[in-house]
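One structure below.
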Amino acid sequence: MRALARRQRRRCGRRPDPRLAIIDTQSVKCLGLRGPCGYDGAKKVVGRKRVALVDVEGHVLALAIVPANVQDRDTLPALDDGKGKWLSLRLALLDGAFTAERCRVVEQDPDQKGFVVLERRWGVERTFGWLSHWGGLHRERVGRLDVATGRLARVASLMAANALNDPA
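All residue numbers for the sequence shown refer to this note's numbering, where the first residue is 842 and numbers rise by one.
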């Protein structure tokens, strides 16, 4: 995944190693399976949370899956393995549910109603949409978290390889 992300970045005219990342979570339902899952009270979903670290173009840098009852701010350690491969990262954009050092929290304007994509966060929202579309990953189907993370990484790699082969 790292090699594909670097090639995609070069193709977009960017340096191969990103300095800015966007981190977000997505709660998804689980099918009837064994393994860790939880209840996300904010989204009213019984299942798991996908945690994604992407660059500003939406290229996947790291992925992880945790039970849905884990708070967003507590999901950051799940990305530690992936973050360690990107030593060039200097700043991360997060939404208001996260709190961490060296991170810029982007908050919604109090006058806005409903769902609004926040500043520079369209990349991660688009990536979650691609993952759901490409892999049929609207729901989690795998019991073990490491297998589910591997399946998500496989779909992200296929997505990246297809984008590199697409001449448009």
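Don't be surprised by glycine CBs; every beta carbon is placed ideally from N, CA and C.
- As a beta-bridge residue in DSSP terms, Ala905 pairs with Val892.
- Bounds of any beta strand (DSSP E) do not take in Ala919, whose DSSP letter is neither H nor E.
- Relative to Asp858, the option among Lys885, His900, Leu1005 and Val965 whose CA is nearest is His900.
- For the pair Ala844 and Arg914, the Cα-to-Cα distance works out to about 28 Å.
- In this structure, the straight-line span from the alpha carbon of Met1000 to that of Gly876 is close to 27 Å.
- Annotation: Leu902 to Ser998 spans about 10 Å, alpha carbon to alpha carbon.
- Rounded to the nearest whole angstrom, the CA to CA distance from Ala862 to Leu872 is 31 Å.
- Counting along the chain, no beta strand (DSSP E) covers Leu872, and no H or E run does either.
- Annotation for Asp987: the continuous alpha helix (DSSP H) segment containing it runs Leu986 to Asn1006.
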